[in-house]
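To start, the structure under review is shown below, and the notes come after it.
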Amino acid sequence: MCEMPDLITEALSARLDGVGAVPREQDLYAGTGTDFYERLVGHDRAEIREVLALARHVEGPILDVAAGGGRLTIPLVRSGRRVTAIDLSDDMLAHLRRAVPDHSMVECVVADMRDFSLGRRYELVIVGATSITLLDRAGRSRLYANVHRHLAAGGVFAFTVAAGSSAATLTVPREEEIVVPGPDGDEIYLFSQQMEEDGAARLVNWVRASDLVDGGEVTVFTSRLRVLTPEVLSRELVDAGFAEPAVFPVRTDSGAEILLLKTSAGPRKAADDDAVE
Ligand SMILES: C[S@@+](CC[C@H](N)C(=O)[O-])C[C@H]1O[C@@H](n2cnc3c(N)ncnc32)[C@H](O)[C@@H]1O
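Residue numbers (our numbering): 3 to 279.
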């Protein structure tokens, strides 16, 4: 029996073995993964209304953390806001640069959300698309510290997390077919989710159904995420020196249940002043 690849679920591995297909892992946020991600969620309007509403209350540039292809940055820029967009993946930011040719409105910075120093403070810092779940506990602590150092006095930090029935789908193994729109029409992909670390994390894969042929090399898009609740994240924020967050439902067309957590920095510590110099 062949050794199971690290980032491919056992169920999908078995399926690939069954048809004699050869997997090639591809991070969802690099290379061709970025095109797939844009096809998968680029059209999703969730969170945009709420982020634009937050932006109306602030002046100056907005910091979009893990901005990716700019699903949230682009509407902010279109509404006349200047945005600093940071992301670990230059490939993801390339989509954003193409969509916003006016570089005076958006500054793209390749940076890790666990460790960044942008030389200024922001009145609004956002993390959309539940991207906070990309980070483990240590990573989230570092994110909170970095956001704290970059928030202007009275500034707002807002991010999203799944809730209710949507969150429930993130806690169980799943194998299902999904339709993914593309330039040449819809395509069927197999989605596979495996729970790990006693349910604290999930490994997710997508593979194009028509690629499952004997001897064929199959691109398997992969990501690994934490399973987090609004309650846990609220506690973490307070421990990290933020105010108890206000929690708002995000309106979605798909019926997905998403919550927006909105908080602000507590009293500034002396150490905070180093980060932005
Ligand atoms: C779910 S996508 C969100 C993209 C966009 N904000 C949206 O709303 O569609 C997650 C993004 O986080 C980025 N990312 C993953 N780990 C990161 C890290 N440690 N620091 C910064 N960005 C990271 C990925 O490259 C990807 O663009």
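The beta carbon of each residue, even a glycine, is placed where N, CA and C say it ideally should be.
Alpha carbons only, please: which of Leu262, Val127, Leu227 is nearest the one belonging to Asp29?
Looking up residue 29 in the sequence shown gives position 27. Nearest C-alpha to Asp29: Leu227.
Assign Val240 to buried or exposed, taking buried as 16 or more other Cβ atoms, counted over all protein chains shown, within 10 Å of its Cβ.
As a first step, residue 240 is located in the sequence shown; it is residue number 238 there, counting from the start. Looking at its Cβ environment, which holds fewer than 16 other Cβ atoms inside 10 Å, Val240 is exposed.
Would the beta-carbon of Glu40 fall within 9 angstroms of that of Gly71?
Stepping through the sequence shown from its first residue, residue 40 is reached at position 38. Stepping through the sequence shown from its first residue, residue 71 is reached at position 69. The answer is yes: Cβ separation under 9 angstroms.
State yes or no: is the C-beta of Glu49 nearer than 8 angstroms to some heavy atom of ligand 1?
Position 47 of the sequence shown holds residue 49. True, at least one ligand heavy atom lies under 8 angstroms from that Cβ.
Quick check on Ala96: does DSSP put it in helix, strand or coil?
Counting from one through the sequence shown, the residue named residue 96 turns up at place 94. Residue state, collapsed to three classes: helix.
Would you check if the distance between the CB atom of Met53 and the CB atom of Glu219 is smaller than 9 angstroms?
Along the sequence shown, one-based indexing puts residue 53 at 51. Along the sequence shown, one-based indexing puts residue 219 at 217. The amino acid occupying residue 53 in the given sequence is Val; Met does not appear at that position. No; because the gap between Cβ atoms is not below 9 angstroms, this pair is not in contact.
Output the distance between the C-alpha atoms of Glu259 and Ala165, rounded to the nearest integer angstrom.
Taking the first residue of the sequence shown as 1, we reach residue 259 at position 257. Taking the first residue of the sequence shown as 1, we reach residue 165 at position 163. Cα to Cα, Glu259 sits roughly 5 angstroms from Ala165.
Quick check: the Cα distance between Leu262 and Arg237, rounded to an integer number of angstroms?
Position 260 of the sequence shown, counted from the start, is the residue given in the question as residue 262. Position 235 of the sequence shown, counted from the start, is the residue given in the question as residue 237. Spanning the two alpha carbons is a distance of roughly 15 angstroms.
For Glu52, name the three-state secondary structure that DSSP assigns.
To locate residue 52, count along the sequence shown from 1; it is residue 50. Glu52 falls in the helix class under three-state DSSP.
I'd like to know if Gly141 contacts chain B, where contact means its C-beta is closer than 9 angstroms to some C-beta of that chain.
Given the protein chain composition of this structure (a single chain), no chain B is represented.
Return the CA-CA distance between Phe193 and Ile180, expressed in angstroms with no decimal places.
Mapped onto the sequence shown, residue 193 falls at position 191. Mapped onto the sequence shown, residue 180 falls at position 178. Distance between the alpha carbons of Phe193 and Ile180 is about 7 angstroms.
Can you tell me the Cα-Cα spacing of Leu9 and Glu61, whole angstroms?
By 1-based counting over the sequence shown, the position of residue 9 is 7. By 1-based counting over the sequence shown, the position of residue 61 is 59. Cα to Cα, the separation comes out at about 42 angstroms.
Taking 8 angstroms as the line, does the beta carbon of Gly33 fall inside it for any heavy atom of ligand 1?
The residue labelled residue 33 in the question sits at position 31 within the sequence shown. Because no heavy atom of ligand 1 lies under 8 angstroms away, the Cβ of Gly33 does not count as near it: no.
Whose C-alpha, out of Asp186, Ser212, Gly141, Thr173, is nearest the C-alpha of Asp200?
Along the sequence shown, read from residue 1 onward, the residue named residue 200 stands at position 198. Measuring from the Cα of Asp200, the nearest candidate turns out to be Thr173.
Short of 7 angstroms in beta carbon distance, which residues of its chain neighbour Thr265, apart from the five on each side in sequence? Order them along the chain.
Your numbering for residue 265 matches position 263 in the sequence shown. Cβ neighbours of Thr265 beyond the five flanking positions: Phe159, Leu239, Phe244, Ala245, Pro247.
For ligand 1, is there a heavy atom less than 8 angstroms away from the beta-carbon of Ala113?
Within the sequence shown, residue 113 is the residue found at index 111, counting from 1. Under cutoff, so the answer is yes.
Is it buried or exposed for His59, if we count other Cβ within 10 angstroms and need 16 for buried?
By 1-based counting over the sequence shown, the position of residue 59 is 57. Answer is exposed; the Cβ neighbour count stays below 16.
For Ala13, I'd like the list of residues in its chain whose CB is within less than 6 angstroms of its CB, leaving aside the five on either flank, ordered along the chain.
Stepping through the sequence shown from its first residue, residue 13 is reached at position 11. For Ala13, where only same-chain residues beyond five positions count, the Cβ hits under 6 angstroms are Glu177, Ser194.
In this structure, how does DSSP classify Asp8 when only helix, strand and coil are distinguished?
Working through the sequence shown from its first residue, we reach residue 8 at position 6. In this structure, Asp8 counts as coil in the three-state DSSP scheme.
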